[in-house]
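Q: Numbering (my numbering), first residue to last: 233 to 409. Heads up, the beta-carbon is just placed ideally off N, CA and C, and yes, glycines get one too. Here the structure is a predicted model, which means the values were calculated and not measured.
1. Could you please give the first and the last residue of the uninterrupted alpha helix (DSSP H) stretch that includes residue 348?
2. Could you compute how far the alpha carbon of residue 340 sits from the alpha carbon of residue 355?
3. Does the beta-carbon of residue 379 have 16 or more other beta-carbons within 10 angstroms, so that it is buried, or is it exposed?
4. In whole angstroms, what separates the C-alpha of residue 396 from that of residue 352?
5. Okay, do the region 243-250 and the region 267-276 touch, 3+ Cβ pairs below 8 Å being the bar?
6. Let me confirm a value: residue 297 is counted as buried when at least 16 other C-beta atoms fall within 10 Å, else exposed. Which label applies?
7. Buried or exposed: which applies to residue 256, given that a residue is buried once 16 or more other Cβ atoms fall within 10 Å of its Cβ?
8. Please confirm whether residue 267 and residue 381 have their CB atoms less than 8 Å apart.
9. What runs of the alpha helix (DSSP H), each 4 residues or longer, lie entirely inside the region 248-308?
10. State yes or no: is the beta carbon of residue 353 nearer than 8 Å to at least one beta carbon in chain C?
11. Using the Cα positions of residue 374 and residue 252, report the straight-line distance between them to the nearest angstrom.
12. If you compare alpha carbons, which of 331, 238, 249 and 320 is closest to residue 286?
13. Since residue 316 is in the alpha helix (DSSP H), which residue starts that stretch and which ends it?
14. When burial is assigned at 16 or more other CB atoms within 10 Å of the CB, is residue 388 buried or exposed?
15. Once you ignore the five residues that flank residue 303 on each side, which residues in its own chain have a CB closer than 6 Å to its CB?
16. Hey, would you say residue 364 sits closer than 8 Å to residue 350, going by beta carbons?
17. If I follow the unbroken alpha helix (DSSP H) through residue 373, where does it start and stop?
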């Protein structure tokens, strides 16, 4: 399995062709920039190795506690962490859920402290719609889609690198060639 430095180097190297390919397809700058930003985000701090004490995990700093349940629940290199189809989607869903619960708890405590009516959980969920609306307003209608696409590509590059290096290290590449 490649080191964190190797994964970081691959993420940096692949960000250029990711941008170039997206620019070639769209012939505009907004979508390729958002896709590449998602790719870098997915490669550096939102990738498959959040289920271990990795560089990606450590980069969350004081917010790494958000990933503790994920580390306990998810087996390393499982389909939910390293899977090409579900890995990135599961992390996005997990993160949205944990963030919602965390923000609900913070808003609830702050409201009680200020002698105000605490927000309902549905109100917190509705705030996600407002956030997505603002993102689309400022970055374009497809921005969340492009960003998620970049996260998925960054995660896929990580997983494919793991598979390729394991393939080479186990000697199975000789059978392939």
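A: Short version:
1. Unbroken run through residue 348: none, as it is neither H nor E.
2. 11 Å
3. buried
4. 48 Å
5. yes
6. exposed
7. exposed
8. yes
9. 262-276, 287-290 and 300-305
10. The chain labelled as chain C is not found in the depicted structure, where only one protein chain is given.
11. 18 Å
12. 238
13. Element bounds for residue 316: n/a, residue is neither H nor E.
14. buried
15. 283
16. no
17. It is not in any alpha helix (DSSP H) - residue 373 carries neither H nor E in the DSSP assignment.
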